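Data block below; observations after.
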Amino acid sequence: MSDEKAKQCLVCERGADVTPLIPLEYRGERLWICPQHLPVLIHDPSQLTGRLAGAEHLRPAEHHD
Numbered sequence: 012m013s014d015e016k017a018k019q020c021l022v023c024e025r026g027a028d029v030t031p032l033i034p035l036e037y038r039g040e041r042l043w044i045c046p047q048h049l050p051v052l053i054h055d056p057s058q059l060t061g062r063l064a065g066a067e068h069l070r071p072a073e074h075h076d
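Numbering follows the working numbering, in which position 25 of the sequence shown is assigned residue number 36; successive positions increment by one, without gaps.
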């Protein structure tokens, strides 16, 4: 798989030619997420189950509203 092919949001699969992408590393793997889906990773990572290995074990951020 080419590096450019790998540069797509792990949720919506849009590439950097369509949306900005934010790099992240998880379990030794380089992944990408777009700004639209970053809140999912932060606030409800269980929604990423099936797209991100171990997502069901990630804890959402605590809210201090």
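The C-beta atom is built at its ideal place from N, Cα and C for all residues, glycine as well. Quantities reported herein were computed from a predicted structural model and do not represent experimental measurements.
#### Entry: Nonlocal neighbours in the same chain, by C-beta distance under 6 Å from glutamine 58, ignoring five residues either side
So the list reads Val51, once near-sequence residues are dropped.
### Task
Measuring alpha carbon to alpha carbon, tell me which of Asp28, Arg70, Ala66, Glu24 ends up nearest arginine 38.
When only C-alpha atoms are compared, the closest one is Ala66.
### Unbroken beta strand (DSSP E) run spanning proline 34, endpoints
The continuous beta strand (DSSP E) containing proline 34 extends over residues 33 to 37.
### Query
Nearest to glutamate 73 by CA position, among Ala64, Thr60, Gly61, His54, is which residue?
Nearest C-alpha to glutamate 73: His54.
### Message
Rounded to the nearest angstrom, what separates proline 71 and histidine 48 at their Cα positions?
### Response
Cα to Cα, the separation comes out at about 14 Å.
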